[in-house]
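Let me begin by presenting the structure, written as structure tokens, before commenting on it.
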Amino acid sequence: MSSGAPITHDALRELLGAYAVDALTDAERTAVDEHLASCAACRREVADHLETVAMLSSGPGRAPAELWARIHDDIEGSDAPAPPAPVVDIAGRRQATAAAEASRVRRWQGVAVVAAVVALVLGVATAVAVTSDDGGQVFAGAQRVELTSEDGVATASLVVLDDGSGIVTSSNLAPLPADRTYQLWAIDGDDVESAGVLGQTPDLAPFTSGGGTGAFAITVEQVPGASAPTTDPVVSGAVA
Amino acid sequence: MAIEDLSAAGDAALVIAVGRYDEAALAELYQRHGSAVLRLAERVLRARELAEDVTQEVFVRLWNEPDRFDPERGSLRSFLLAQAHRRAVDVVRSETSRRRREERDGRGSVVDDSGFDRAVWDLTVAEHVKGALERLPEREREAIALAYFDGLTYREVATTLAQPEGTVKSRIRSGLRTLRASLVDAGVEP
Numbered sequence: 001m002s003s004g005a006p007i008t009h010d011a012l013r014e015l016l017g018a019y020a021v022d023a024l025t026d027a028e029r030t031a032v033d034e035h036l037a038s039c040a041a042c043r044r045e046v047a048d049h050l051e052t053v054a055m056l057s058s059g060p061g062r063a064p065a066e067l068w069a070r071i072h073d074d075i076e077g078s079d080a081p082a083p084p085a086p087v088v089d090i091a092g093r094r095q096a097t098a099a100a101e102a103s104r105v106r107r108w109q110g111v112a113v114v115a116a117v118v119a120l121v122l123g124v125a126t127a128v129a130v131t132s133d134d135g136g137q138v139f140a141g142a143q144r145v146e147l148t149s150e151d152g153v154a155t156a157s158l159v160v161l162d163d164g165s166g167i168v169t170s171s172n173l174a175p176l177p178a179d180r181t182y183q184l185w186a187i188d189g190d191d192v193e194s195a196g197v198l199g200q201t202p203d204l205a206p207f208t209s210g211g212g213t214g215a216f217a218i219t220v221e222q223v224p225g226a227s228a229p230t231t232d233p234v235v236s237g238a239v240a
Numbered sequence: 241m242a243i244e245d246l247s248a249a250g251d252a253a254l255v256i257a258v259g260r261y262d263e264a265a266l267a268e269l270y271q272r273h274g275s276a277v278l279r280l281a282e283r284v285l286r287a288r289e290l291a292e293d294v295t296q297e298v299f300v301r302l303w304n305e306p307d308r309f310d311p312e313r314g315s316l317r318s319f320l321l322a323q324a325h326r327r328a329v330d331v332v333r334s335e336t337s338r339r340r341r342e343e344r345d346g347r348g349s350v351v352d353d354s355g356f357d358r359a360v361w362d363l364t365v366a367e368h369v370k371g372a373l374e375r376l377p378e379r380e381r382e383a384i385a386l387a388y389f390d391g392l393t394y395r396e397v398a399t400t401l402a403q404p405e406g407t408v409k410s411r412i413r414s415g416l417r418t419l420r421a422s423l424v425d426a427g428v429e430p
């Protein structure tokens, strides 16, 4: 190809047949690729040529089983893990093209991470490892922590993630009057820090603490909560 | 969400299923198109093992990137064959394999007096397409055959046939159009 003068549309069209049979030089192929990105008419012509040459290849015939075995081995381990019960209904998000649909499904795999958190609220998982759609692990080693009173009567269950955030999954703690609230404390040695106010009924209340907390306790505090515990713990417990 | 009857599902639906990591859907697509992909690769590469490698690549790529296929743009068959063809031609043009081919064949490509390798053509081309090919002007047929099946650039075809480059380019293009019209008439191509 001559350098300097830009290639004309006519000249590009002359290349389309050769392009469809991979008979161009790399430089010419690149020029046509760039042109096709913005020219629907030329794309249609190329598509027609590709359908035509596809006809030149034999139709019926057995695909060898041994070759499938190699393909199977090659893709093994690149399956998505089964996501937990989805919160989002992906069937409702179906749209026109297969391409958009397939990539949307793949992107949704990342949303499965959110679904995993919701699943924790329902007490579905004790230890959960969820991968995002690029294969990275997002939440690893969520832990269930059981808090009890000294006599074992009152109980509360937490699920805590590696970063210290979590949810109170269940408890048998009595609902509090409107001027009181349950409050969760994260205990790390001598360090006692508020992990959040849980409300009149602690069930399903989210909280945040520093990662690596060793123990938790719940106290009853005056609304809107306290900077340090003012009462003895109702329930407490350590991370296993 | 799994497809009940894979063999009754259309290609586009199976590609969507592949997008949901449905390996059975990929297997069905391999049953449908694997042979055509393998034979085309084999014809261009003239080497069974290399052809199997290319075929494997094409289907693994379909597994990993199903959204590259847009059913609005053309059939899955033409998409897979185009991928296989491009890859096979790239392999053919690498220096080592060209030398090996020349050693084996004696020349860059086998051209009998009808302009292309008829024996291999017969094995490669589907029965119902042969009539359309017979009706194609010889000069256009040979240009397409050398470019498509032997993996030559249009410049190499021009050298091989002792014709001007521009002439070869336009014969490939007009030959494809004539072929298409013929196949549409025969009800073979939509």
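Chain order of the listed sequences is Z and U.
For the first sequence, our numbering begins at 1 and goes up steadily by one.
For the second sequence, our numbering begins at 241 and goes up steadily by one.
Glycine included, every Cβ here is placed at the ideal spot set by N, Cα and C.
* For the alpha helix (DSSP H) that U:T418 lies in, which residues bound it at each end? -> E405 to D425
* What in chain U is Cβ-close to Z:H49, meaning under 7 Å? -> L416
* Reduced DSSP category for Z:F216 - H, G, I as helix; E, B as strand; rest coil -> strand
* Assign Z:H49 to one of two classes, buried (16 or more other C-beta atoms within 10 Å of its C-beta) or exposed (fewer than that). => buried
* Residues bridged to Z:G237 (per DSSP) -> Z:F216
* Does any residue of chain U bring its CB to less than 7 Å from the CB of Z:E14? -> yes
* Asked: Who are Z:S157's beta bridge partners in DSSP?
  -> Z:E146 and Z:S170
* To do: Give the C-beta separation of Z:T219 and Z:P229 to the nearest angstrom, bearing in mind that I take them to be a contact with Cβ-Cβ under 8 Å.
  => 5 Å
* Among Z:P64, Z:S38, Z:Y19 and Z:V235, which one has its Cα closest to the Cα of Z:A151? -> Position check: residue 151 of chain Z holds Asp in this sequence, whereas Ala was assumed. If we check each option's Cα against that of Z:D151, Z:V235 comes out closest.
* Asked: Closer than 8 Å, Cβ to any Cβ of chain Z: which residues of the segment 255-267 of chain U, in chain order?
  -> V255, I256, V258, G259, R260, Y261, E263, L266 and A267
* Where does Z:V192 sit, in a helix, a strand or coil, going by DSSP? -> strand
* To which residues of the same chain is U:Q323 closer than 6 Å at the C-beta, ignoring the five residues directly before and after it? -> Within its own chain, the residues whose Cβ lies closer than 6 Å to the Cβ of U:Q323, once the five positions on either side in sequence are excluded, are V298, listed in chain order.
* **Amino acids of chain U, ordered along the chain, whose beta-carbon sits closer than 8 Å to that of Z:W68** => Against chain U, the beta carbon of Z:W68 has neighbours under 8 Å at A267, Y270 and G274, listed in chain order.
* How about Z:Q222: is its Cβ closer than 6 Å to a heavy atom in the ligand GTP? -> Inclusion of the ligand GTP in the displayed structure is not the case, the ligand content being empty and no account of it being possible.
* Spell out whether any CB of chain Z is found under 7 Å from the CB atom of U:T399. => no
* Asked: Does Z:T25 have its Cβ less than 7 Å from a Cβ in chain U?
  -> yes
* Asked: Is it buried or exposed for Z:T131, if we count other Cβ within 10 angstroms and need 16 for buried?
  -> Confidence at Z:T131 is low in this model, with a pLDDT of 42, below 50, so its placement is unreliable and no value can be given for it.
* Do Z:V160 and Z:Q183 have their C-beta atoms closer together than 7 Å? -> The beta carbons of Z:V160 and Z:Q183 sit no closer together than 7 Å.
* Asked: Just how far apart, CA to CA, sit U:D425 and Z:E76?
  -> U:D425 and Z:E76: Cα-Cα distance of roughly 44 Å.
* Compute the Euclidean distance between the alpha carbons of U:L373 and U:V397, then round it to the nearest angstrom. => 19 Å
* Mapping DSSP to helix, strand and coil, what is Z:I7? -> coil
* **Straight-line gap, U:E405 to Z:D73 (C-alpha atoms, nearest Å)** => CA-to-CA, the gap between U:E405 and Z:D73 works out to about 45 Å.
* **Pair within 7 Å by beta-carbon distance, U:L321 and U:L269** => no
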